[in-house]
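Take 964 as the starting number for the sequence shown in my numbering and just add one per residue.
By construction, the Cβ of each residue, glycine as well, lies at the ideal position given by its N, Cα and C atoms.
The structure presented is a predicted model; accordingly, all values stated were derived computationally and were not measured.
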Amino acid sequence: MRNIQENPFGPRQYGELIKVTDRVYLFRNIVNSSIIIGDKGVAVIDTQVNQMMGRRLLQQIRNITEKPILYAINTHYHWDHTNGNTVFHQAGATVVARGMTKDFMVNRSPRQEDFLRSRGFTLGAPPFLPQQTFDQETELDLGNQPLHLVHLGKAETDDATAIRIPAEGCIVSGDTVMTGSFPIFGQPVMNEGLMANHDWIDTIKELRTYNPEHVLPGHGPLAYEAEIDLLIKIESYFLTEVRKHVEQGMSLMELLTEMEANMPNWISNIAEVWGTPRYAILRVYRGLIDDPEPGWQHLKPSAIPTADVNSLHEHTNELTEFETYHEAAEEVAEGDDFGLAIAILKTATEKFANLPEAWTAYADLLTQASRTVSSVLEKGDFFFEAKNALNVALDLDPGYAPAHLLRGYNHILSAYRNGDDTEQGMASIYKALVSGLQGTQLAQAYFAIGLAHRTNGDEKNAREAFAQAIAVDPSYMPAQFANMAYNSLGR
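Set out below in structure tokens:
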């Protein structure tokens, strides 16, 4: 999802349709979907990260063919590959998956959803469950276009399905193969993924035995030999190094400190979107330890930076009013010491626990600090803490406008990035407006409304809202950036 002209708040293209062969397309987004066309109809493989993106995917299919959508196939149970199932079921498709996948969508999803909510995600209603299941290799025919659905082995999840399209020389791998950024090797809370064995590597090798011309991965660009070699190299590195450090008797924190300080450049230079080296370490470590409650990762170190106790005391020991704490935190944050700034405002929430202003300022700073990490999952540490702080603020004062504003702003920013529904965020913004906003906060509210319209493809109302924000506060740069996109596009 790239922004036109690279403007941080410009119009976005949600998903990109890549023609692989005359009858196979890859829809690239945060998560990939594949479109397979036969004489009788179409199959879509993996249905997108949310229902809004599912509808965008459906429109892309309708741009290339009017043939009926016969099947929506899930490669595995994870929410980002199944959340659009409802959209395609309503469009007439039969939802298909392994029997194990349907079982996991019921029995493993709650744990996965708990983990994702702890990262700040809003998941909505559970995905529509598969209607047609299989256990052994099975074939679906789209009309002169057979699809072979097969379980090659364990990968990111235990239920990983690959779809062979022999007439096109293609395999849709799901998350067995990921490219373009550091892979997510499975969530630390689950007893699956990159375990302390070579199951995943063996599955990739099994996939290779079919000699596909094109591998359509679960995330990232099309995969060929170099991309698959790199994935195996990354997995082998973490399997070897984590085991070595565990056998040396290191605790998890010691292991993390040692490995992260000595990460080779060829790994450190890989872009991070979802997965990170830290998550890879946690995943392999989880597979090595003898856990009395299989599946749970008991320690996930937070990505939120911390402060030296002496430095915190030095900056707060003479502060008496909340405003002075707020000013001190802002000054420190301007120097990019977010760990100390966060600690100052965290102290303020303890000292002024009944002030919604303190909790809202703390949430606002956490939101700002989230920009210092690149992984969506690591950002979740900040968003979850900020969400809890805003809940406290609104419990103290249900009509506190700045808290409603920040809650709505954060939700709309997330929806804008992910192509998701903006309705919940808009509701919070309107509560803030009714409660009363002035100055920069009013400009921020109009900007958020404009960004919501932009997310929904309504540029007319977006432009009007950005203009309102600029009229209220010409120095409010997000609105200026958003409005600047029109000049870049010659509008």
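- [ ] Using alpha carbons as the reference points, say which of Tyr1372, Thr1310, Gln1443 and Pro1361 lies closest to Gln1331.
- [x] Mapped onto the sequence shown, residue 1331 falls at position 368. Considering only alpha carbons, the answer is Tyr1372.
Task: Distance between His1278 and Met964 (C-alpha atoms, nearest Å) - done: If you number the sequence shown from 1, residue 964 lands on position 1. If you number the sequence shown from 1, residue 1278 lands on position 315. At Met964, the pLDDT of 42 sits below 50, so the modelled position is not reliable and the matter cannot be decided from this model.
TODO: Apply the 10 Å Cβ neighbour rule to His1289 and answer buried if 16 or more other Cβ atoms are within range, or exposed otherwise.
DONE: Walking along the sequence shown from the start, residue 1289 turns up at place 326. Burial of His1289 is indicated by the presence of at least 16 other C-beta atoms within 10 angstroms of its C-beta.
Task: First and last residue of the uninterrupted alpha helix (DSSP H) at Gly1302 - done: Taking the sequence shown and counting its residues from 1, one reaches residue 1302 at position 339. Where Gly1302 is concerned, the enclosing alpha helix (DSSP H) starts and stops at Phe1301 to Lys1314.
Open item on the list: Can you tell me where the alpha helix (DSSP H) holding Pro1129 begins and where it ends?
Closed with: What you label residue 1129 is simply residue 166 of the sequence shown in a count that begins at 1. Per DSSP, Pro1129 belongs to no alpha helix (DSSP H) and is neither H nor E.
Task: DSSP-derived helix/strand/coil call for Ala1356 - done: For the purposes of this step, residue 1356 is taken as the residue at position 393 of the sequence shown. Helix.
Open item on the list: Along the chain, where does the beta strand (DSSP E) containing Gly1181 start, and where does it finish?
Closed with: If you number the sequence shown from 1, residue 1181 lands on position 218. In the DSSP assignment, Gly1181 falls within the unbroken beta strand (DSSP E) covering His1177 to His1182.
Open item on the list: Please tell me whether Arg1071 has its Cβ less than 8 angstroms away from any Cβ of chain C.
Closed with: Chain labels in this structure do not include chain C; a single protein chain is all it has.
Task: Spatial neighbours of Ile1008 in its chain, beta-carbon cut-off 6 angstroms, leaving aside the 5 residues before and after - done: In the sequence shown, residue 1008 corresponds to position 45, counting from 1. So the list reads Ser997, Ile1036, Ile1126 and Val1135, once near-sequence residues are dropped.
- [ ] Pick out whichever of Glu1386, Thr1064 and Thr1172 has its Cα sitting closest to the Cα of Asp1121.
- [x] As a working mapping, residue 1121 is identified with position 158 in the sequence shown. Comparing C-alpha distances from Asp1121 to each of Glu1386, Thr1064 and Thr1172 shows the shortest one belongs to Thr1064.
TODO: Have a look at Ile1252 and Glu1204 and give me their C-alpha separation to the nearest angstrom.
DONE: Here residue 1252 refers to the residue found at position 289 of the sequence shown. Here residue 1204 refers to the residue found at position 241 of the sequence shown. Our two residues, Ile1252 and Glu1204, have alpha carbons roughly 15 angstroms apart in a direct line.
Task: Per-residue burial, Lys1003 [other beta carbons within 10 Å of its own, 16 or more giving buried] - done: In the sequence shown, residue 1003 corresponds to position 40, counting from 1. When all chains shown are included, Lys1003 counts as exposed.
Task: Where Gly1137 sits in the DSSP three-state scheme - done: Position 174 of the sequence shown, counted from the start, is the residue given in the question as residue 1137. Strand, per DSSP.
Task: Bridge partners - Arg991, DSSP secondary structure assignment - done: Residue mapping note: residue 991 aligns to position 28 of the sequence shown, counting from 1. According to DSSP, residue pairing for Arg991 in a beta bridge involves Glu979.
TODO: Would you check if the segment 1040-1056 and the segment 1089-1096 touch, i.e. whether three or more CB-CB distances between them fall below 8 angstroms?
DONE: They touch, by the three-pair rule.
Open item on the list: Just to confirm, is the Cβ distance from Gly978 to Arg1019 under 8 angstroms?
Closed with: The residue you call residue 978 lines up with position 15 of the sequence shown. The residue you call residue 1019 lines up with position 56 of the sequence shown. Less than 8 angstroms divides the Cβ of Gly978 from the Cβ of Arg1019.
Open item on the list: Helix, strand or coil for Pro1319? Go by DSSP, reduced to three states.
Closed with: By 1-based counting over the sequence shown, the position of residue 1319 is 356. DSSP places Pro1319 in the helix class (H, G or I) of the three-state scheme.
Open item on the list: Can you look up Tyr1248 in the DSSP assignment and give me helix, strand or coil?
Closed with: On the sequence shown, residue 1248 is found 285 positions in, with the first residue counted as 1. DSSP, reduced to helix, strand and coil, places Tyr1248 within a helical segment of the structure shown.
Open item on the list: Taking the alpha helix (DSSP H) that Tyr1372 belongs to, which residues open and close that run?
Closed with: Walking along the sequence shown from the start, residue 1372 turns up at place 409. First-last of the alpha helix (DSSP H) with Tyr1372: Ala1364 to Asn1381.
Open item on the list: Taking the alpha-carbon of Trp1237 as reference, which of Met1158, Phe1084 and Glu1223 has the nearest alpha-carbon?
Closed with: In the sequence shown, the residue the question calls residue 1237 occupies position 274. Comparing Cα-Cα distances from Trp1237 to each of Met1158, Phe1084 and Glu1223, the minimum goes to Phe1084.
TODO: Report the rounded CA-to-CA distance for Val987 versus Val1012, giving the unit in angstroms.
DONE: The residue given as residue 987 occupies position 24 in the sequence shown. The residue given as residue 1012 occupies position 49 in the sequence shown. One Cα belongs to Val987, the other to Val1012, and the distance between them is close to 21 angstroms.
Task: Supposed contact pair Pro1268 and Phe1301 - C-beta distance, whole angstroms, cut 8 angstroms - done: Sequence index remark: in the sequence shown, residue 1301 carries index 338 (1-based). Sequence index remark: in the sequence shown, residue 1268 carries index 305 (1-based). Between the beta-carbon of Phe1301 and that of Pro1268 there is about 5 angstroms, and that keeps the pair under the 8 angstroms contact cut.
Task: Burial state of Trp1229 (16 or more Cβ within 10 Å) - done: To locate residue 1229, count along the sequence shown from 1; it is residue 266. So Trp1229 counts as exposed.
Open item on the list: Just verifying my parser: in three-state terms, what is the DSSP assignment at Thr1203?
Closed with: For the purposes of this step, residue 1203 is identified with residue 240 of the sequence shown, where counting begins at 1. Helix, per DSSP.
Task: Selection from Thr1010, Ile1412, Asp1327 and Asp1165 that minimises the alpha carbon distance to Ala1054 - done: Translated into the one-based positions of the sequence shown, residue 1054 becomes position 91. Nearest C-alpha to Ala1054: Thr1010.
Open item on the list: Applying the 10 Å Cβ sphere with the 16-neighbour rule, what's the burial state of Lys1117?
Closed with: Numbered from its first residue, the sequence shown carries residue 1117 at position 154. Counting Cβ neighbours within 10 Å, Lys1117 comes out buried, since at least 16 surround it.
Task: Nearest candidate by alpha-carbon position, reference Phe1315, set Glu1188, Asp1327, Thr1287 and Ala1304 - done: For the purposes of this step, residue 1315 is identified with residue 352 of the sequence shown, where counting begins at 1. Looking at the Cα atoms, Thr1287 is the closest of the given residues.
Task: Nearest-angstrom Cα separation, counted from Leu1033 out to Ala1056 - done: The residue labelled residue 1056 in the question sits at position 93 within the sequence shown. The residue labelled residue 1033 in the question sits at position 70 within the sequence shown. If you take the alpha carbons of Ala1056 and Leu1033, they lie about 5 angstroms apart.
Open item on the list: Between which residues of its own chain and Glu1320 is the CB-CB distance below 7 angstroms, once the five residues before and five after are set aside?
Closed with: Walking along the sequence shown from the start, residue 1320 turns up at place 357. Within the same chain, Cβ atoms closer than 7 angstroms to the Cβ of Glu1320 are found at Phe1285, the five residues on either side in sequence being excluded.
- [ ] Let me know the secondary structure DSSP gives Asp1384 once reduced to three states.
- [x] The residue given as residue 1384 occupies position 421 in the sequence shown. Under the three-state reduction of DSSP, Asp1384 is assigned to coil, being neither helix nor strand.
Open item on the list: Our contact map puts Ala1349 next to Ala1356 with C-beta atoms below 8 angstroms; I'd like the distance itself, whole angstroms only.
Closed with: Within the sequence shown, residue 1349 is the residue found at index 386, counting from 1. Within the sequence shown, residue 1356 is the residue found at index 393, counting from 1. With 8 angstroms as the limit, Ala1349 and Ala1356 do not qualify as a contact, their Cβ atoms being about 10 angstroms apart.
Task: Residue nearest to Met1389 in terms of C-alpha spacing, selected from Leu1340, Tyr1409, Arg1380 and Leu1185 - done: Numbered from 1 along the sequence shown, position 426 holds the residue referred to as residue 1389. The shortest Cα separation from Met1389 among Leu1340, Tyr1409, Arg1380 and Leu1185 belongs to Tyr1409.
Task: Beta-carbon gap between Gln1308 and Leu1328 smaller than 8 angstroms - done: Taking the first residue of the sequence shown as 1, we reach residue 1308 at position 345. Taking the first residue of the sequence shown as 1, we reach residue 1328 at position 365. In the sequence on display, residue 1308 carries Leu and not Gln. Yes, the Cβ-Cβ distance between Leu1308 and Leu1328 is below 8 angstroms.
Open item on the list: Can you find the residues in the same chain that come closer than 7 angstroms, C-beta to C-beta, to Val1247, ignoring five residues on each side of it along the sequence?
Closed with: Taking the sequence shown and counting its residues from 1, one reaches residue 1247 at position 284. Non-local beta-carbon contacts of Val1247 in its own chain, meaning distances under 7 angstroms to residues more than five positions away in sequence, involve Leu1157, Ala1159, Phe1201, Leu1202 and Val1205 in chain order.
TODO: Return yes when the Cβ of Thr1139 is within less than 8 angstroms of the Cβ of Leu1103, no when it is not.
DONE: If you number the sequence shown from 1, residue 1103 lands on position 140. If you number the sequence shown from 1, residue 1139 lands on position 176. Between Leu1103 and Thr1139, the CB-CB gap reaches or exceeds 8 angstroms.
TODO: Assuming Ile1027 contacts Gln1108 (C-beta within less than 8 angstroms), just tell me the rounded distance between them.
DONE: Counting from one through the sequence shown, the residue named residue 1027 turns up at place 64. Counting from one through the sequence shown, the residue named residue 1108 turns up at place 145. Not confirmed; about 15 angstroms, so no contact.
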